[in-house]
Structure formats: structure tokens, C-alpha cells
Amino acid sequence: MRRVIGAVIAVGVVLIIAGLFWLNHPRSHNSVAAVPTSPNAAKIVPAAGASPPDDGNWTMPGKDYASTRFSALNQITPANVGKLQVALTFSTGTTEGFEAPPLVVNNTMYVVTPWPNYVYALDLTKPGAAAKWVYKPNPAAAAKGEACCGPVNRGAFYDNGRLFVNLLDGNTVAVDANSGKEIWRTQVADIQKGETITMAPLVAAGKVLVGNSGGEMGVRGRLTALDEGSGKIAWIAYTNGPDKDVLIGQNFHAFYPKDQGHDLGVSSWPPDYWKIGGGSVWGWISYDPQTKTIYYGTSNPGPWNAPQRPGDNKWTASVFARDIDTGQAKWAYQTTPHDLFDHDDINEIILADLPYHGGRVPVMLRPDRNGFFYVQDRRTGQVLSANPYGYVNAYKGVDLKSGQIIPNHALDPKENRVTRGICPASPGAKDWNPSAFSPVTGLVYIPHINLCMDMAVQNANYVAGTPFVGADVKMYAGPGGNRGVLTAWDPINGRKAWEIKEDLPLWSPALATAGGLVFYGTMDGWFKAVDAKTGKLLWQFKTGSGIIGQPISYRGPDGRQYIAVPSGVGGWAGAVVAAQLDPKDPTAALGFANAVKDLPTKTSPGGMVYVFALPQ
Amino acid sequence: MSLPFRNSGSAAAAVALLALLGACDRESRNTRGQPLGETVPTGASPDTIYPGNSQPPPLTAQAAAYENNAYAISQGQQLFTQMNCVGCHSHGGGGMGPPLMDAKWRYGGRIDQIAASIAEGRPNGMPAWRSKLTSEQIWQLAAYVRSLSGQVPKDAVSARADTLSNTPPQTQQTPEPVLPAGSAQQ
Amino acid sequence: MKPGRFTALVVAGMAVSGCGGIQNALGGQAVQSRDFVSLFAVFMVVCTVMYFVTVGTLMWAVFRRRRATEACTVETGRHEVSAPGSRTALVVWTTLIAVGLSALAVASFFTDRSLAAAARSPKLAITVTANQWWWDVQYTPDNPSHIIRTANELHLPVGVPAEITLKSNDVIHSFWIPNLAGKQDVIPGRVTDAQILPRQIGQYRGQCAEFCGTEHANMALDVTVESMADFKKWAAAQLQPAIAPTTPLAAAGFNYVTTRQCSVCHNITGTPANGQLGPDLTHLASRKTIAAGTLPLTRGNLYGWVADPQSQKPGSQMPTMQIAPQDLHAIVAYLETLK
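In C-alpha cells, the structure reads:
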């Protein structure tokens, strides 16, 4: 009898232990796409039509409408990149955060500076690349007091002999690329309401698409389309408000029930809060010429004090697909309803075709602020996978059936209290700086950050033209102690292939080349080249100031491959240096000053373009 | 002559009591401003050139009164958050706007210069509050801004912030020097 | 006498003595305060009886004539143990105390259960945020676009249990509507709540009950308990955005209010004035009082308040501004249209 009891107990203990192991095994909320059988079908390629063959120019910040930031030039390879040396330098005379990539078209390099938004046209055929012309638009200096995160500019756009530039004070200009003369200037945003423009416009199908900035200023976010020839406003798609303002009409089909309904941009806000609710469009737009669809995301809702604005707060922190001619929305997906942590949705959207469950699906790849790498069907918005690419404890996961993100309510900020240890911090697992996609390796190279934060929220007051935030934030390094990471991400399998830890946050975009290299810059000025397959550091060069700008690659007049990068620290991450902030106050720069209080010893402000090439 | 006290001990106590009473205007609350309305100075700056041997203007008595007044500083602290100064200047560290707790001042660090900056606005993005706040409120804000860099006596500042921020209390702050206007460019 | 009638008698007595009216802690116009008043009556009865018994016995002990045995105790220093009278007294006293305390305990228990039952399944959700020195009242249904925001007034439908969530933006206040329910402290950084189930239609006055600064005495709340139909009418009107001005003077006032000092602190839904610091003014003219119950809403009081709030509530957050006379006419003209 005793033996029987003993045996039963032993079996029971074993079962209990096994059960505990099973329970502890992290069960993913996300399904991973099946690996297909045919080797050719396993490749992920950029969206057809959105990524034409590389002509050696760089005409738009994203390199192509699919936003691959990939150069097909392959002269510089892992074998010879160790010999890369400076070929050319150019000083812009400005010392604010330098984010815009230089554009290269017809052997001319166009450099756009932060405020005062000078545009230089450098003749690459002349020795020392002497300037052909300089365009000085004189934007209002008062705009600098309305720009949350540095008076930066994220780039111009070249199309059909013209350069299109957004000025900080809310104007968009078209400049003749040969002469530098201004062709038209249209006011799109109003600094009296706290609006500025920092984003790079997207020009396609005869339209110039411009979004306003000001998610921290209580603005009414919107995307405006100007006519390319005349500059007149063609349509405006608001982010919040009734369907007729958001341009949600008959052809709109949201994939998930949570995004379906009438006038959700009003009913998900307290009365009138949608008018001052943010949702600005200050990031990246991608375009699919085959379906004439633009894809972009919207910013955080305002104020940061979430208890003040109950409701889902649509359509902030959402992704839209719109028809470029009319602006009418085709579908929308709200990634982070009732955002609590300033997790905007404005990051780059890479358009690709992906093998999925035996077939191929046209998708959008986006490493989101909230820490998840979304792979979505770009025809409908359906989320195929959403896996964390950084450390996330603010959310438990994304439920693929309902499309809902699952918040971790233990970290909900409450008015007049401090919530500690929220990861990722408000700049997210990755902020605006875009990743690059290489069709050769099939990997997305994500330069991003590893920061957590403490947050205290209180009642925010709205006064037009002043910040509408209501939060004190203090940021610091996340688990591991490294504040920056370069992750090579495999979108098909939803996991990282390799990563490089960096001491300082990575605030510069990445460049991938067919030669097999990935280029990126660090906030203390190191410009690095790593092997695209393994991540091994192959070359680095210390530039004069921290790098937060986009590197590009182009074919010079002599047929050789060149790599160019802007160097000039600033932006939100570099504000402690560019604006000489005082890190005694850890909440300075919305909490960023505390995370990088060692930055002033590691770099100083600057504004220089560096061009590198192999020796002759 | 004989004093009306029994001994020198109580005489000393009486003198001490009189002296203490003199400190009682640390927190005088003037809630309506002067009867004829106050005005904030329009840009008087001791940091400029005064040609022909003329003198920079002294600090007015009204400005000096606000500077060390605990009630004014604490009202200024409340207004600093309510008027969204915090949104640009954080709790003195800066952000969109320059820091207010360091030694560098673009437009001058004397209390009347600070009040003028608030009232008139400044190029590069400081909004003009003259038509939105009363002069008294502007002086209170200027008094609080002075306290951010430790310029005011320790018994006039509040021991902690109204909101749950992460900054150290002002009573433990060492005062910064006040460099002349334009020093922020250096 | 039946307990209900006795309660009524107590209350009537109190009313006669001056505790009647709109701010009456013994009013009992809601389930919570009625339960309290009933419990209060029980306590009064028990304690009064015990009081008179005790005092009466003490008086008797003081004034009765001494008996011989007691004289003996005093002169010889020995006292008799357990005189029959003292044992009876012991038993009687113990019984009285036991019965009295049990009555109190039982009454408390049932009152507590009744309050808990009234608080179950509330039908109306209200959030009241206390500020120095006014009450920010928001009706918070599930649909956020139906949030009603008003200040210093509460409308409650009779017979509907309401749950009031209490928050503070600055210091500790206390939410007290004497006729309807007991006090509940409002503490910054915490969320407390109060339940009210009103039973009688009428007009009542609430008051801050925790010293919160120089104007603590002028921090009142107008409470209107009305029929469900009237409440729905009021709520529907409150959901409308502010009425646009129709006369030139009101239009000038609209201009001043939305572009000058007023919009920095006050919100008027449907206009560019979206300040979040002060009371919501969207339907100011539909209220009975202004300045948190300090002044009745009349044209004269509006003029006086806007022109010089510091004369009425010195130290309040609304400053005395130098408003030119013509602007003052325009502002008041506009504010009067905000029904």
C-alpha cells in the first residue's frame, strides 16, 4: 500500500515539475511565418515598381519609393573597405542636428541644412566640389521655439529638375535644381499654433506630400498634398476628427473590428480634444506606384498625460494607406491605441514582397517605436507578425487575431505619481532614424536604442503655441547597459540575425550596399562599415561631430563609388550638446539629457558633409 | 536710568523678539498688485553700452521686493508648470528652450531682464506673454526663474516641487554666477 | 414609538434648532445620509438614556440620606462585603451597558450593510477633481466623446446610484454634501471614491471639508437632485458646444475671451479657448452660482468677478486683470450667452 502511494506521489511530482516547465516556456503571441520549401521563393524582395534599378544617383532620402536605403553599387566590398579614405569634405556653417542625406543627381550634390535650411548645390565635377549655387530661404527664427526636438530637416526630394524642401517655419518650397531659384513657396503649417515642418517631402504622381510636426504642441496633425507644378494645395488628410476630414469614405476598409466604425476620430476622444490631439505626420512616407498608394504613420496623441484623454484616440499612432491622387484612405490600422508613452508610428515603412505560407504577399516592414517589428499585408493592413526587436516590458505582445497590442497595465502612468522602469522609453525601441533593407542578404538593418524611463504625468494646460505635454520623464540605459544597438533582423523568421551593441544611442539611419556592407554612424562621430552578413566591424572613421544623418552611396562623375555622410550632432538625442542643456536637471530634453549626460565630453556641435572613396 | 526689566536676560529676550518680528515680511502676500497696475519694464538691460558716460538703470524697489519673496517664488513655481514653461525649459535644464539653471543668459539674468524676456518674447522662439499674463504673474515667474539658478536666499525657495519631478530640491542648490547677456553664445 | 417616527422627531428638533436647509448634515435626502441619520438617532437614544441613567444615579447617590451601615464604614474603617444592593447595581449596570453597546453594534452593522448595498452597481460615473479652490466635475460614460465637463455643480437623477471618483490636483480637500452623504477626503496622488444614491428631489449645497488654503471657506458645490427626465435634458444641453455669439457686443466679448487672458486658463468647447487650468465655461450661464458657490450668478456679480476676483476671493488663482471698461461690457455680454 505504501509503495503504491509512494509511486503515485513520485509520478505526481514529475507531472507537476513538467507542467511548471511548460507554463514557464514563453509562449509567443505571434505566429511565425512558415519557411517555404523552394530556395528562390525564400527570398524577400523590394516591392516591384517601387524600387527601380540603381542608376548611381540618390534622388530621395529613402533611395526609392520602397524606402530600401539600399545602394546597388558594389565596388566597395568587405575586402577593400579597410582602405576607404576621405575624398571630400564640405562645411555647412550650421551647428544644429544634421539629419538630411545629401542628394546626388546629375553629378550635383544637394545638401540641405537644419535651420536656417540652406540648400547648397555642389558641382561634383569640379575639384573640391565647388558650390554651383546656394539657396537661402530665410525661414522665421521663431520656429526654433516650436520644434520639439531640434530645428532639424530630414531631407529634400529631387524630381524632374526641381528640389522640394520643407522649411522649419511651415513653408514648402520648390527650387530649380539648376539655378537655385525659388519656383513656388506654399505655407502648409502655422507656427502660431505650434506647428513646424521637419520631415522630408515625398513627391510622386504630380503631388508633393508634406506632413506637419508638433505632436508635443497640441497641433492638429495632417498630411497635405500640394500640386507639384504650382504648389497649390490639392487635398488635406487630417489625422483626427470626423471621417470627412480624415478622408475616410466609401473605399475605406479597416481589417480589424477595432478600427471599424463611423467618425472614430471624434468618438474616441473627449469633446474637442481631437482638435488639439496631435497625430502629426513628421516621419516617412513610402509609395507603391503600381497601386498608387502611399503609406505613412501618424505621431503620438497629445497631451502625453494619457488620463486626460480617455478613449482610443484615433487616428494617432496609426498607419494609413491612401490613394495618392485623392488622399482617400484605403485602410488604416491603429498600432498603439490610447498611447501612454509617446510611441509614435512615424517610422519608415519598407515595401517588400515576402514569402508567406507557401505563397508571396506584398507587405510592409516597419520597426515600430513600441518595440515590435511589424510585417503587415499592405493590401489590407493585416498584421502577419509582430515580434519584439528590443527589450519591451510596456506591452505583453500583439494579438494577431484582433490586431490589438496588449498593454502591461502595471506600468500605466497615473496622474501625480511616478511610474518607473518603463521599457522602451518614449523614443521607443527606435525613433525616426530609418533602417536599411538589403535584398542581397534579405535582412533589415535597424540602428536603434535601448533605453528605459521613469515617467510622472500631471494635468496639462493647452495654450496655442506652447507645449501640451503634462509629463516629466527621465531616461536611462536599458538592460545590458548599452544605450544603442544595430540589429540585423530577419523579417521572414521574425528574429534577429546578429546585433552590435553600442555605448551611445544610435540616432543615425543606416545604409546597405550590394557590395555587402552596412554603414551607420554613432553619436560621438564614428562612421562605421560592418559586414552585412556577419556584423563584423571592417572600417571606421572619426568625423568631427556626432552622426545623426543619413549616409548615402552614389556613383561619382569618374564612375567610382562614393559614400557620403552628414556629421553634426543634435536632434532630440543630441540636444544636450547642440543646445547646451544642463544635465543637472534629468528631465531636460524630455528626459533625454539624463540618458546621454556624458555626451558633451564625447562630441561637440558641427555641420559637415564627409565623402569617402577607395584610393585611386 | 533704569530699564523696565528685572534682569538683563529678559531684556535680551525682548530685543531678540523685536528682531525676529522684523523678518515677518518674507511672505507678504500681495494678491491684487499695485492699485494703479504694475508694469513690466520694456527691455532695460544693464548689459548694453550706455554711450556718453550714462549709467545703467538700477533695479527698481518693486523688482527687488519680488526677488526674495517666498510667496512670489512659490506662485511663480506653480505658473511655471501651468503656462507650459516646463514644456520648453524643463525644470531648468532646457529642451526646446535654453536652460535656466546654469550661468549663461542670452538676454540677461537680472530679474527685470528676465521679466522683460517673458513679457516681450525673444527671437529664436520665446513667446510674448504680455497680453496673456498680468504683470504681477510675470514678476512671480521671473522670481522663480531666478531661484532655478540659486540666486535667491535659501529660506525663500520652496523645499520641493509641486509636481513629482526628478530634480533635486532647490534648497540644496549651489548658486550659479550670472554671466552677462549673450553669454549663451560662448 | 416607531423608529422612523422617532428619527423624524429628532430631525425635526434639529431643524427647529437651525440645522435645516440646503446644507444640513441631518437632512437624509439620500440613502447614505438617511442611513447615517438613522444610526445617529440610535446612538442618540442609547447615549441619552445612558446619560440620564448615569447622571440620575449619581445625583441620587450624592443626595440620598446615609444608612447606618454606611456610617459604620466611615467611622470604623471596615466595610461590609457584597451588600445586597451593590450586587443588584452591578448586574443592572452590566446589563445596561451590554444591551446599549449591542444595540450600537447591531445598528452599525446594519447601517454598514445598507451603505454597501446602495454602493453596489452604480449607474452613473462621475469624476470630481478638487483644485484650489473649485471643483472640476466630469461625467464619464464609457464613450469618451460624451464626457460632460462642468464646474462647481453636480446634477444627480433621483433614485440612481452614482459613483463619484475623487482626485486632487494640488492639496488635500474633502468632498462633502451634507444632505446626501458623508465626507470623503480627496488626496493628491491617490484616487478615492464616494457613492451617492439620492432619494429626494431638491437643491443642496456641498462644501470642501478639509482646510486647503486661504479660500477653503469659499469652495462650495451646487448639487441639484432632479427627475431622470430633467437630468437627461440637462445632460443633452451640456453636451452641446458653446452657443455662438449673435450680437456685436457678444462677438467682441468672444474675441477678447478667446484671444486674451481668458483662454489661457479656461475651456469653452467649440471655440479656440482650450485652457485646462480653470473651470470649464462652456455653459457658465446655466449655473446658479459662480466662483465655487461664492456668488450667485447675476449680471452684477459677473461684472464684479471678472473685473476684480481678488476682492471676492483674495488669493484665488484667477488674477485681477486690468480690463478696460468696454472690454468688460463685451466679456460679460458674451459670458451671459453661454447657457
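Protein chains in written order, with numbering that gives the first Met the number 0: chain A, 0 to 615; chain B, 0 to 185; chain C, 0 to 338.
Just so it is clear, CB atoms sit at the ideal spot from N, CA and C, and this is done for glycine as well.
A quick note: this is a predicted structure, and the numbers were derived from the prediction, not measured.
{"Query": "Residues of the segment 258 to 271 of chain C whose Cβ lies closer than 9 Å to any Cβ of chain B, in chain order", "Result": "T258, R259, Q260, S262, V263, C264"}
{"Query": "Run of the alpha helix (DSSP H) containing A/I491, from where it starts to where it stops", "Result": "That residue, A/I491, is in no alpha helix (DSSP H); it is neither H nor E in DSSP."}
{"Query": "Where C/Q275 meets chain A, residues with beta-carbon distance less than 7 Å", "Result": "N458, A459, N460, Y461"}
{"Query": "Proximity test, Cβ basis, 8 Å: C/G314 and chain A", "Result": "no"}
{"Query": "Min CB distance B/P126 to chain A below 8 Å", "Result": "yes"}
{"Query": "Euclidean distance between Cα positions of A/P126 and A/V80", "Result": "24 Å"}
{"Query": "Separation of A/A572 from A/G545, as counted between CA atoms", "Result": "11 Å"}
{"Query": "Contacts around A/N39, its chain only, beta-carbon distance under 8 Å, and the 5 residues preceding and following it disregarded", "Result": "Since pLDDT at A/N39 reaches only 46, below the 50 mark, its modelled position is unreliable, and the value read off the structure follows with that caveat. Closer than 8 Å at Cβ, skipping near neighbours: no residue."}
{"Query": "The segment 131 to 144 of chain C: positions lying closer than 8 Å to chain A by Cβ", "Result": "T139, N142, P143, S144"}
{"Query": "Extent of the continuous beta strand (DSSP E) to which C/S120 belongs", "Result": "Premise fails: C/S120 is in no beta strand (DSSP E) and is neither H nor E."}
{"Query": "Delimiting residues of the beta strand (DSSP E) encompassing A/E181", "Result": "181 to 186"}
{"Query": "Nearest residue (CA-CA) to C/W92, options C/Q183, C/H265, C/M49", "Result": "C/M49"}
{"Query": "At least 3 beta-carbon pairs within less than 8 Å: the segment 410 to 427 of chain A vs the segment 351 to 365 of chain A", "Result": "no"}
{"Query": "Contacting residues, own chain, Cβ-Cβ under 7 Å from C/A150 (five flanking each side not counted)", "Result": "W133, W134, D135, V136, P278, D279"}
{"Query": "The segment 196 to 211 of chain C touching the segment 161 to 181 of chain C, judged by at least three CB pairs closer than 8 Å", "Result": "yes"}
{"Query": "Contacting residues, own chain, Cβ-Cβ under 7 Å from A/S30 (five flanking each side not counted)", "Result": "For A/S30, the pLDDT reaches just 34, beneath the cut-off of 50, and the residue's location in the model is therefore unreliable, although a value from the coordinates is still provided. Around A/S30: S384, L399."}
{"Query": "Which of helix, strand or coil DSSP assigns to B/Q172", "Result": "coil"}
{"Query": "Proximal residues to B/L17 (C-beta, below 8 Å), its chain only, five neighbours per side dropped", "Result": "none"}
{"Query": "Cβ neighbours of B/Q172 in the same chain (closer than 7 Å, five flanking residues each side left out)", "Result": "G149"}
{"Query": "Top-ranked residue by Cα proximity to A/A71, from A/V118, A/A612, A/T602, A/Q560", "Result": "A/Q560"}
{"Query": "Element boundaries [alpha helix (DSSP H), containing C/T232]", "Result": "Reading off the sequence, residue 232 of chain C comes out as Lys, not Thr. 227 to 238 is the extent of the alpha helix (DSSP H) around C/K232."}
{"Query": "Residue of B/P55, B/E66, B/A62 minimising C-alpha distance to B/R145", "Result": "B/E66"}
{"Query": "Where C/I96 falls: helix, strand or coil (DSSP)", "Result": "helix"}
{"Query": "Identity of the residue in A/M198, A/V318, A/L208, A/V133 nearest A/E181 by Cα", "Result": "A/V133"}
{"Query": "Near-chain C residues of the segment 134 to 158 of chain B (beta-carbon distance less than 8 Å), N- to C-terminal order", "Result": "E135, Q136"}
{"Query": "C-beta atoms of A/F622 and A/L505 nearer than 8 Å", "Result": "For chain A, the structure presents residues 0 to 615; residue 622 of chain A sits outside this window and is missing."}
{"Query": "Rounded straight-line distance, which links the Cα of A/D343 to that of A/R368", "Result": "6 Å"}
{"Query": "CA-to-CA distance, A/T542 to A/K601, given in whole angstroms", "Result": "12 Å"}
{"Query": "Short CB-CB distance (under 8 Å) between B/N52 and chain A", "Result": "no"}
{"Query": "Chain C contact for B/R129 (CB, 8 Å cutoff)", "Result": "no"}
{"Query": "CA-to-CA distance, A/N392 to A/A496, given in whole angstroms", "Result": "22 Å"}
{"Query": "Close beta carbons around C/S285, own chain, < 6 Å, minus the five adjacent residues each side", "Result": "K338"}
{"Query": "Segment limits, beta strand (DSSP E) that includes A/G420", "Result": "417 to 421"}
{"Query": "Coil, strand or helix - B/E135 by DSSP", "Result": "helix"}
{"Query": "Neighbourhood of A/S37 by C-beta, 8 Å cutoff - its chain only, sequence neighbours within 5 removed", "Result": "Unreliable positioning characterises A/S37 in this predicted model, as indicated by a pLDDT of 39, which lies under 50. A coordinate reading is not provided."}
{"Query": "Chain C contact residues for A/V265, given Cβ-Cβ distances below 8 Å", "Result": "S144"}
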